[in-house]
Amino acid sequence: MSLLRPVLSLDTDPRIETDGHYLRPPVMTDFRQWAKLRAESRTFLSPWEPIWPADDLTKAGFRRRLRRYARDRRDGRSQPFLLFCARTDEILGGLTLSNIRRGVSQCVTLGYWMGAAHAGKGHMSAAVSAILPFCFNDLGLHRIEAACLPSNEASIRLLQKAGFEREGYARNYLLINGTWQDHILFACLAEDHAKKRSALPLSYGGKLKEFL
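The numbering of the sequence shown is our numbering, which starts it at 165 and goes up by one.
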């Protein structure tokens, strides 16, 4: 398990660090590296994502994306992140907390993508594990929801490993790759995360308190 250190300030963008990765909101200077990784991963990602806009990989498209992100963050609706390798500052993928609901719900939807060259190496597993304490502790949420295609076995394993429970099956739930497709519904509650954390071996010692 990676050691986690959520960092949140009202004066700065949120940044979440582990011992090998960090997550932060995208900025315009990320465009070139982001667009290259997405272009190289298009065939890999297409079966799991909505159809990309025609100008998605252009600088204008990225700038429009950042404006939408800024508006949604300001309104408290979402928190977008890019995932980086801490050693090289290379973009590995992305993770988004969207559709944040407050009031009696205190819920958010989790989505993520991984560059083809970096898939299957545990990077997104570390990122999802890092985002949980950020959601429950820093954002004060109670429930994190996620959905994946029944054929996406890697994503199912990732969510289950992170402590998500399967809750249902939604028919024609999302328009993916141009087709309405069924999804398996998962969720992780604050009490699920606390229970999973308390079950960690005592050999972690004082580091649990410091980082979790």
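C-beta: ideal position from N, C-alpha, C; glycine also. Note that the structure is predicted; figures quoted are calculated from it, not measured.
| Query | Result |
| --- | --- |
| Helix, strand or coil, according to DSSP, for E181 in the structure here? | strand |
| What separation, rounded to the nearest whole angstrom, lies between the Cα atoms of T273 and I308? | 6 Å |
| With distance defined between alpha-carbon atoms, name the residue in D239, P217, G240 nearest to R229. | P217 |
| Assign A358 to buried or exposed, taking buried as 16 or more other Cβ atoms, counted over all protein chains shown, within 10 Å of its Cβ. | exposed |
| By a C-beta neighbour count over all protein chains shown, 10 Å radius and 16 as the cutoff for buried, is Q243 buried or exposed? | buried |
| State buried or exposed for T343, treating a residue as buried only when at least 16 other CB atoms are found within 10 Å of its CB. | exposed |
| Would you kindly check if the distance between the Cβ of G327 and the Cβ of C352 is under 7 Å? | yes |
| Tell me whether S205 sits in a helix, a strand or coil according to DSSP, three-state version. | coil |
| Please report how far the alpha carbon of W198 lies from the alpha carbon of W277, in whole angstroms. | 12 Å |
| Could you give the distance in angstroms between the alpha-carbon of G275 and the alpha-carbon of A290? | 14 Å |
| Here's the rule: buried if 16 or more other CB atoms are within 10 angstroms of the residue's CB, otherwise exposed. What is T222? | exposed |
| For A311, count neighbouring Cβ atoms within 10 angstroms of its own Cβ and tell me buried if that reaches 16, exposed if not. | buried |
| Rounded to whole angstroms, what's the CA-CA distance from L339 to I348? Just pull it up for me. | 14 Å |
| Who are Y186's beta bridge partners in DSSP? | E181, F248 |
| Output the boundary residues of the beta strand (DSSP E) element that contains F226. | Note, F226: premise wrong, no beta strand (DSSP E); alpha helix (DSSP H) at 223-238. |
| Measuring CB to CB, does I180 end up less than 7 Å from A294? | yes |
| Within 7 Å of any Cβ in chain B, is that where the Cβ of Q243 sits? | The structure shown contains no chain B; it is built from a single protein chain. |
| As a quick exercise: from E213, R196, R188, D183, pick the residue whose alpha carbon is nearest that of Y337. | E213 |
| Comparing C-alpha positions only, which one of E254, A280, F300 sits nearest to F195? | E254 |
| Suppose you measure from the CA of T193 to the CA of N316; what does that come to, to the nearest Å? | 32 Å |
| State the DSSP-derived secondary structure class of I295, mapped to helix, strand or coil. | helix |
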